[in-house]
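All residue numbers for the sequence shown refer to this note's numbering, where the first residue is 5 and numbers rise by one. Structure first, then comments.
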Amino acid sequence: MNSKESSKLRGMFKEYALVHHKDELISILSKEEMQHYSIQVNFVTLYENSTELGDCILSNPNDVLLLCDTALVQAQVALVENQPEDTQHLLVVKTNVHARMTGLPTCPELHRTIFPHNDDMGCFLQVSGTVVRIVVPKMLEFQRDYICAKCKHSFKVQADYEQFYLLPTPTCCPNPQEQCQGTNFKPVKTIDQFNCRDFQEIKIQEQVTKLKVGTIPRSMWVTLEDDLVDMCKPGDDIVIW
5 MNSKESSKLR GMFKEYALVH HKDELISILS KEEMQHYSIQ VNFVTLYENS
55 TELGDCILSN PNDVLLLCDT ALVQAQVALV ENQPEDTQHL LVVKTNVHAR
105 MTGLPTCPEL HRTIFPHNDD MGCFLQVSGT VVRIVVPKML EFQRDYICAK
155 CKHSFKVQAD YEQFYLLPTP TCCPNPQEQC QGTNFKPVKT IDQFNCRDFQ
205 EIKIQEQVTK LKVGTIPRSM WVTLEDDLVD MCKPGDDIVI W
């Protein structure tokens, strides 16, 4: 996805959020705590307003959902700018806001009572299951700051979820202003709330009541992050998007 497409999708979701989630965003702006917040987005309503944006979420969820998160930050900025100047200082833009899609259309392509297989890799699905085990929440360093020894450009490196949150070592300088060929980078030895997040693993099992008679239920591990941590306990029936 190029920058032009990303900007277009970001703008589309920003406008959608300002129309359908304005009150929620203002409530978040009014809070003092710089914690993680969620906006529950009904996917069917979103799809009815923009089939293009909905199709992009279904086909490329990893990238587009991140764009939706940044669009929520831009929507907050727009709301603050539209407020009277004497009240703007009472509103604080929260950067840790997440768009949580809910209510996917009821169809076999998107709903799963049987856990996904390899063929479903990269697809945006709704999975139902029962929590059978939870792990104690931990603090996760999901990104790290580096400085190029040659041009002094600072940048962030994101942890790779597919590699168990391994932080890869940068190989080339990403300085957009200079064509720096530097390959020597120094990590910034600071761990703060902007580079870390809450992290928890839970184990869920297929719901026996939704399986064929005699079928042994399978289980799978699920990772929870940010405001979703500590939201469930063993025995709970949950739906994951």
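Think of the CB as a built atom: it goes at the ideal place given N, C-alpha and C, for glycine as much as any other residue. Note that this is a predicted model, so its numbers are computed, not measured.
Terminal residues of the alpha helix (DSSP H) in which residue i lies
{"i": "Lys190", "result": "Element bounds for Lys190: not the alpha helix (DSSP H) but the beta strand (DSSP E), 189-191."}
Residues near residue i by beta carbon distance below 6 Å, same chain, minus five either side
{"i": "Ser223", "result": "Lys207, Gln209"}
{"i": "His102", "result": "Ser42, Asp73"}
{"i": "Arg137", "result": "Lys207"}
Per DSSP, cross-strand counterpart(s) of residue i
{"i": "Ser10", "result": "Ser10 is not bridged to any residue."}
{"i": "Leu170", "result": "Asp164"}
{"i": "Leu144", "result": "Arg201"}
{"i": "Lys207", "result": "Arg137, Trp225"}
{"i": "Phe159", "result": "Tyr150"}
N-terminal and C-terminal residue of the beta strand (DSSP E) that residue i is part of
{"i": "Val212", "result": "It is not in any beta strand (DSSP E) - Val212 carries neither H nor E in the DSSP assignment."}
{"i": "Met125", "result": "Where Met125 is concerned, there is no enclosing beta strand (DSSP E), given that its DSSP letter is neither H nor E."}
{"i": "Cys152", "result": "147-152"}
{"i": "Glu229", "result": "223-229"}
{"i": "Ile118", "result": "Looking at the DSSP string, Ile118 is not in any beta strand (DSSP E), and its letter there is neither H nor E."}
{"i": "Val136", "result": "130-138"}
{"i": "Pro241", "result": "Going by the sequence as given, residue 241 is Asp instead of Pro. Taken as a continuous stretch (DSSP letters only), the beta strand (DSSP E) holding Asp241 covers 241-244."}
Same chain, Cβ closer than 8 Å to residue i, neighbours up to 5 away in sequence not counted
{"i": "Gln247", "result": "The requested residue 247 is not part of the displayed model; the chain covers only 5 to 245."}
{"i": "Val97", "result": "Leu33, Val77, Gln80, Val81, Val84"}
{"i": "Leu22", "result": "Leu29, Ala79, Ala82, Leu83"}
{"i": "Asp35", "result": "This sequence places Lys at residue 35; Asp is not what is there. Correct list, in chain order: Tyr41, Val96, Lys98."}
Contact with chain D by residue i, beta-carbon distance below 8 Å
{"i": "Val131", "result": "Going by chain labels, chain D is absent from the structure shown, which holds only one protein chain."}
Contacting residues, own chain, Cβ-Cβ under 7 Å from residue i (five flanking each side not counted)
{"i": "Cys111", "result": "none"}
{"i": "Asn46", "result": "Thr106, Gly107"}
{"i": "Cys184", "result": "Cys152, Lys154, Cys155, His157, Cys177"}
{"i": "Val48", "result": "Gly107, Pro109"}
{"i": "Phe189", "result": "Tyr150, Ile151, Cys152, Ala153, Pro174"}
Starting from the N-terminal side, write out each stretch of the alpha helix (DSSP H) that is 4 residues or longer and does not extend beyond the region 27-108. DSSP runs (the alpha helix (DSSP H)) wholly in the region 27-108: 47-53, 55-63, 65-85.
With contact counted as at least three CB pairs below 8 Å, one residue from each stretch, are the region 150-158 and the region 89-106 in contact? Below 8 Å, too few C-beta pairs join the region 150-158 and the region 89-106 to call them touching: fewer than three.
Using 8 Å as the Cβ pair cut-off and three pairs as the minimum, do the region 60-73 and the region 115-131 touch? These segments touch.
Three or more C-beta pairs below 8 Å linking the region 81-88 and the region 102-112: Not touching, per the Cβ criterion.
Stretch pair the region 173-182 + the region 111-124: three plus CB contacts closer than 8 Å: Too few Cβ pairs lie closer than 8 Å, so no.
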